[in-house]
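Undergrad: Numbering (my numbering), first residue to last: 81 to 143.
Think of the CB as a built atom: it goes at the ideal place given N, C-alpha and C, for glycine as much as any other residue.
Remember, it's a predicted structure, so these values are computed and weren't measured experimentally.
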């Protein structure tokens, strides 16, 4: 889980990017539970936003 890309048990993580101007929103959704987490930031670093959104999702699922 250190790279933020670990899948939740028995499911997959779906990742979506939406760009609006200089900003990018990355949403990560658990296919098993439908739980969603998102991160918004500069469009210049999509990999960091993806990592953050997936880490936030994993934290939500751990609760």
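Excluding the 5 residues flanking residue 117 on each side, which residues of the same chain have their C-beta closer than 7 Å to its C-beta?
TA: 108, 133, 136, 137, 140
Undergrad: List the whole-angstrom C-beta distance separating residue 103 from residue 122, where the pair is believed to meet the contact cut-off of C-beta under 8 Å.
TA: Right, the Cβ-Cβ distance comes to about 7 Å (below 8 Å), so this counts as a contact.
Undergrad: Quick one: is residue 129 buried, meaning 16 or more other Cβ sit within 10 Å of its Cβ, or exposed?
TA: buried
Undergrad: In whole angstroms, what separates the C-alpha of residue 131 from that of residue 106?
TA: Between residue 131 and residue 106, the alpha-carbon positions lie close to 9 Å from each other.
Undergrad: What's the gap between the Cα of residue 91 and the Cα of residue 97?
TA: Here the alpha carbons of residue 97 and residue 91 stand approximately 20 Å from one another.
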